[in-house]
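Here the structure comes first, spelled out in structure tokens, and everything after it is commentary.
There are 4 protein chains.
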Amino acid sequence: MEEIQRKLKKFSDEREWERFHTPRNLAESIVLEASELLEHFQWQLKDKKLTRKQLEGIKEEAADVFIYLVEFCRIVNIDLIAATEAKIAKNAKRYPISKARGNAKKAVKR
Amino acid sequence: MEEIQRKLKKFSDEREWERFHTPRNLAESIVLEASELLEHFQWQLKDKKLTRKQLEGIKEEAADVFIYLVEFCRIVNIDLIAATEAKIAKNAKRYPISKARGNAKKAVKR
Amino acid sequence: MEEIQRKLKKFSDEREWERFHTPRNLAESIVLEASELLEHFQWQLKDKKLTRKQLEGIKEEAADVFIYLVEFCRIVNIDLIAATEAKIAKNAKRYPISKARGNAKKAVKR
Amino acid sequence: MEEIQRKLKKFSDEREWERFHTPRNLAESIVLEASELLEHFQWQLKDKKLTRKQLEGIKEEAADVFIYLVEFCRIVNIDLIAATEAKIAKNAKRYPISKARGNAKKAVKR
Numbered sequence: 001m002e003e004i005q006r007k008l009k010k011f012s013d014e015r016e017w018e019r020f021h022t023p024r025n026l027a028e029s030i031v032l033e034a035s036e037l038l039e040h041f042q043w044q045l046k047d048k049k050l051t052r053k054q055l056e057g058i059k060e061e062a063a064d065v066f067i068y069l070v071e072f073c074r075i076v077n078i079d080l081i082a083a084t085e086a087k088i089a090k091n092a093k094r095y096p097i098s099k100a101r102g103n104a105k106k107a108v109k110r
Numbered sequence: 001m002e003e004i005q006r007k008l009k010k011f012s013d014e015r016e017w018e019r020f021h022t023p024r025n026l027a028e029s030i031v032l033e034a035s036e037l038l039e040h041f042q043w044q045l046k047d048k049k050l051t052r053k054q055l056e057g058i059k060e061e062a063a064d065v066f067i068y069l070v071e072f073c074r075i076v077n078i079d080l081i082a083a084t085e086a087k088i089a090k091n092a093k094r095y096p097i098s099k100a101r102g103n104a105k106k107a108v109k110r
Numbered sequence: 001m002e003e004i005q006r007k008l009k010k011f012s013d014e015r016e017w018e019r020f021h022t023p024r025n026l027a028e029s030i031v032l033e034a035s036e037l038l039e040h041f042q043w044q045l046k047d048k049k050l051t052r053k054q055l056e057g058i059k060e061e062a063a064d065v066f067i068y069l070v071e072f073c074r075i076v077n078i079d080l081i082a083a084t085e086a087k088i089a090k091n092a093k094r095y096p097i098s099k100a101r102g103n104a105k106k107a108v109k110r
Numbered sequence: 001m002e003e004i005q006r007k008l009k010k011f012s013d014e015r016e017w018e019r020f021h022t023p024r025n026l027a028e029s030i031v032l033e034a035s036e037l038l039e040h041f042q043w044q045l046k047d048k049k050l051t052r053k054q055l056e057g058i059k060e061e062a063a064d065v066f067i068y069l070v071e072f073c074r075i076v077n078i079d080l081i082a083a084t085e086a087k088i089a090k091n092a093k094r095y096p097i098s099k100a101r102g103n104a105k106k107a108v109k110r
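Chains as they are written, first to last, in the working numbering: chain A, 1 to 110; chain B, 1 to 110; chain C, 1 to 110; chain D, 1 to 110.
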């Protein structure tokens with residue numbers, strides 16, 4: 001993770017792109033890349049096995065989401081791993097096993 | 001990373017939520033959480049320092065994006081770290097330093 | 001349509017919100033409201049009839065998307081109806097009936 | 001509006017695309033087109049006048065959002081104009097002029 005963060009910083013430093021990497025611009029970019037990921041499932045009527053070619057595209061979009069997410073966290077100074085562990089712990093309390101088991105999440109959530 | 005992936009799998013196994021975690025459902029959820037992250041910047045007229053409270057909310061949304069992204073990659077069997085390193089290498093060729101330096105990305109991209 | 005545009009302008013004028021309604025802020029808001037609309041279908045495993053309550057929520061989100069879309073078009077000076085008719089005509093050429101009939105859109109699109 | 005709805009129905013009938021137009025598929029498509037609209041503002045550091053060429057692209061994306069929104073409303077049987085007028089009336093109560101005037105929406109909303 002630190003390795004990727006370091007590589008991304010070097011990448012944008014070398015291109016003098018840091019000034020475009022405002023928190024808001026990066027948040028927008030996360031949404032835009034996530035939408036490109038979702039686009040691979042557009043018009044699907046039921047789940048089907050992904051083809052090798054689809055998987056290649058999906059892999060790149062997933063990487064793009066991650067790239068901007070890691071950059072975003074660096075810029076706003078969030079430790080993504082720690083934040084994620086805290087969120088998992090919080091979710092575990094919010095959705096106790098006994099009540100959540102097998103329920104559609106939405107039903108539980110609302 | 002593996003630790004987080006393992007925790008998330010345990011979390012959804014215990015709740016029998018795995019069957020809701022289709023690739024498409026997870027891709028949608030990544031978009032939805034990314035939008036909630038962006039919502040923190042809605043109506044902003046210029047960049048301002050994030051308050052401590054905003055940062056707390058942002059931290060949780062960033063974690064949610066990551067949680068669904070990691071789950072998505074597990075379900076479709078993508079190695080996110082490898083995919084990201086491959087994408088960074090590809091981007092380095094696509095945007096050579098000499099041409100990209102200081103340019104607005106859009107101008108370079110299109 | 002003009003009636004709605006007029007009402008929305010009056011609404012934001014009375015609240016002095018016009019200055020927040022930059023093209024970018026409105027474009028973001030369209031995405032955010034569209035995501036809230038999609039949220040009603042999150043975790044769905046197959047299509048089911050919408051409940052009356054879901055339909056109420058969906059109605060409001062659809063209205064929110066439309067409200068920001070109409071505002072956006074007013075601010076950037078786009079005639080939405082004319083633009084839509086032009087796009088439908090363009091699509092008719094892009095997807096000729098003989099080739100497009102019954103095909104999954106994606107297959108046709110790519 | 002009815003004219004556009006009728007044209008869109010004819011368009012998808014002729015291509016036998018109706019079966020792809022599930023509420024969920026259309027909701028996803030609204031998000032995806034809204035993201036393409038937002039993409040025109042990605043990496044922007046401050047608001048600038050849109051070029052003629054940008055405006056052409058924006059016009060098409062705005063039309064795409066509207067096309068899927070109108071289709072969505074037809075499929076789930078929502079009267080978009082009535083829903084929008086109801087939402088404007090509701091917003092007028094939620095954000096009374098005296099309290100909302102000049103305030104950043106977020107501050108008011110939360």
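In this text, a Cβ means the ideal position worked out from N, Cα and C, and glycines have one as well. On a predicted model such as this, the values are computed, not experimentally measured, just so you know.
Coil, strand or helix - residue 16 of chain B by DSSP:
For this step, residue 16 of chain B is matched to residue 16 along the second sequence. Residue 16 of chain B falls in the coil class under three-state DSSP.
Cβ of residue 47 of chain A within 7 Å of any chain B Cβ:
Residue mapping note: residue 47 of chain A aligns to position 47 of the first sequence, counting from 1. True, the Cβ-Cβ gap to chain B drops below 7 Å.
Do three or more CB pairs link the stretch 10–29 of chain C to the stretch 19–34 of chain B at distances below 8 Å?
no
Which class does residue 23 of chain D belong to by DSSP, given the choice of helix, strand or coil?
Position 23 of the fourth sequence, counting from 1, holds the residue named residue 23 of chain D. The answer is helix: DSSP assigns residue 23 of chain D an H, G or I state.
Work out the CA separation of residue 101 of chain B and residue 14 of chain A for me, nearest whole Å.
Working through the first sequence from its first residue, we reach residue 14 of chain A at position 14. Working through the second sequence from its first residue, we reach residue 101 of chain B at position 101. Each residue's alpha carbon lies about 7 Å from the other.
Does DSSP classify residue 101 of chain C as helix, strand or coil?
Here residue 101 of chain C corresponds to residue number 101 of the third sequence, with the count starting at 1. Coil.
Quick check for students: name the residue ranges of the beta strand (DSSP E) that lie wholly in the stretch 52–82 of chain D, counting only runs of 3 or more.
none
By the 10 Å Cβ neighbour count, where 16 or more other Cβ atoms means buried, how is residue 77 of chain C classified, buried or exposed?
For this step, residue 77 of chain C is matched to residue 77 along the third sequence. With fewer than 16 Cβ atoms within 10 Å of its Cβ, residue 77 of chain C is classed as exposed.
Please name the residue in B/68, B/75, B/93, B/96 whose C-alpha comes closest to that of residue 88 of chain A.
Here residue 88 of chain A is taken as the residue at index 88 of the first sequence, counted from 1. Per the Cα distances, B/68.
Note down, in chain order, every chain D residue with its Cβ under 8 Å from the Cβ of residue 14 of chain C.
As a first step, residue 14 of chain C is located in the third sequence; it is residue number 14 there, counting from the start. Near residue 14 of chain C (Cβ distances below 8 Å), the residues of chain D are 97, 101.
Option in B/64, B/25, B/16 with minimal Cα separation from residue 35 of chain B:
Here residue 35 of chain B is taken as the residue at index 35 of the second sequence, counted from 1. Closest option to residue 35 of chain B, Cα to Cα, is B/64.
Straight-line gap, residue 92 of chain C to residue 75 of chain D (C-alpha atoms, nearest Å):
Stepping through the third sequence from its first residue, residue 92 of chain C is reached at position 92. Stepping through the fourth sequence from its first residue, residue 75 of chain D is reached at position 75. Using only the alpha carbons, I get a separation of about 21 Å.
If we ignore side chains and look at the alpha-carbon of each, how far apart do residue 80 of chain D and residue 25 of chain C end up?
Walking along the fourth sequence from the start, residue 80 of chain D turns up at place 80. Walking along the third sequence from the start, residue 25 of chain C turns up at place 25. Straight-line Cα distance between these residues: approximately 23 Å.
Would you call residue 37 of chain B buried or exposed, if buried means 16 or more other Cβ atoms sit within 10 Å of its Cβ?
The sequence position of residue 37 of chain B within the second sequence is 37, counting from 1. When all chains shown are included, residue 37 of chain B counts as buried.
Three-way DSSP call (helix, strand, coil) for residue 48 of chain B in this model
The count along the second sequence starts at 1 and reaches residue 48 of chain B at position 48. DSSP places residue 48 of chain B in coil when its eight states are reduced to three.
If you count every other CB in all the chains shown that lies within 10 Å of the CB of residue 51 of chain C, and 16 or more means buried, which is it?
Residue mapping note: residue 51 of chain C aligns to position 51 of the third sequence, counting from 1. Residue 51 of chain C should be labelled exposed.
Beta carbon of residue 40 of chain A: closer than 6 Å to some heavy atom of the ligand ZN?
Ligands are entirely absent from the displayed structure, and the ligand ZN is therefore not among its contents.
Return no unless some Cβ of chain A is closer than 7 Å to the Cβ of residue 107 of chain C.
Against the third sequence, residue 107 of chain C aligns to sequence position 107. Low local confidence applies: a pLDDT of 47 at residue 107 of chain C is under 50, so the model's placement there is unreliable, with the coordinate-based value given in what follows. Taking Cβ atoms only, chain A never reaches closer than 7 Å to residue 107 of chain C, which makes this a no.
Buried or exposed: which applies to residue 61 of chain A, given that a residue is buried once 16 or more other Cβ atoms fall within 10 Å of its Cβ?
On the first sequence, position 61 is the one that residue 61 of chain A refers to. Classification for residue 61 of chain A: buried.
For residue 108 of chain D, which residues from the same chain have a beta carbon less than 8 Å from its beta carbon, with the 5 sequence-adjacent residues on both sides left out?
By 1-based counting over the fourth sequence, the position of residue 108 of chain D is 108. Note on residue 108 of chain D: pLDDT 46, under 50, position unreliable in the model; the coordinate value appears next. For residue 108 of chain D, where only same-chain residues beyond five positions count, the Cβ hits under 8 Å are 95, 99, 100.
How long is the line joining the alpha carbons of residue 43 of chain A and residue 49 of chain D, rounded to whole angstroms?
Position 43 of the first sequence, counted from the first residue, corresponds to residue 43 of chain A. Position 49 of the fourth sequence, counted from the first residue, corresponds to residue 49 of chain D. Spanning the two alpha carbons is a distance of roughly 35 Å.
Residue 45 of chain B: buried (16+ other C-beta within 10 angstroms of its C-beta) or exposed?
Position 45 of the second sequence, counted from the start, is the residue given in the question as residue 45 of chain B. Residue 45 of chain B is exposed by the Cβ-count criterion.
Give a yes or no on whether the minimum CB-CB distance between residue 51 of chain C and chain D is below 7 Å.
Along the third sequence, read from residue 1 onward, the residue named residue 51 of chain C stands at position 51. It does not; no Cβ of chain D falls within 7 Å.
May I have the straight-line CA-CA distance separating residue 84 of chain D from residue 41 of chain A, to the nearest angstrom?
In the fourth sequence, counting from the first residue as 1, residue 84 of chain D sits at position 84. In the first sequence, counting from the first residue as 1, residue 41 of chain A sits at position 41. Roughly 30 Å between the two C-alpha positions.
Indicate whether residue 8 of chain B and residue 56 of chain B have their beta-carbon atoms separated by less than 7 Å.
Sequence index remark: in the second sequence, residue 8 of chain B carries index 8 (1-based). Sequence index remark: in the second sequence, residue 56 of chain B carries index 56 (1-based). Against a cut-off of 7 Å, the Cβ pair of residue 56 of chain B and residue 8 of chain B comes out as no contact.
With a cut-off of 7 Å, does the C-beta of residue 38 of chain D fall near any C-beta of chain C?
As a first step, residue 38 of chain D is located in the fourth sequence; it is residue number 38 there, counting from the start. At least one chain C Cβ lies under 7 Å of residue 38 of chain D.
Per-residue contacts from residue 65 of chain D into chain B (C-beta, under 7 Å)
In the fourth sequence, residue 65 of chain D corresponds to position 65, counting from 1. Correct list: empty, because the minimum Cβ distance to chain B is about 15 Å.
Give the straight-line distance between the Cα atoms of residue 90 of chain A and residue 73 of chain C, rounded to the nearest whole angstrom.
For this step, residue 90 of chain A is matched to residue 90 along the first sequence. For this step, residue 73 of chain C is matched to residue 73 along the third sequence. C-alpha separation (whole angstroms): 42 Å.
Give a yes or no on whether the minimum CB-CB distance between residue 28 of chain B and chain C is below 7 Å.
The count along the second sequence starts at 1 and reaches residue 28 of chain B at position 28. Cβ-Cβ to chain C under 7 Å: yes for residue 28 of chain B.
For residue 2 of chain D, is the classification buried or exposed, using 16 other Cβ atoms within 10 angstroms of its Cβ as the cut-off for buried?
Here residue 2 of chain D is taken as the residue at index 2 of the fourth sequence, counted from 1. The residue is exposed, with fewer than 16 neighbouring Cβ atoms inside 10 Å.
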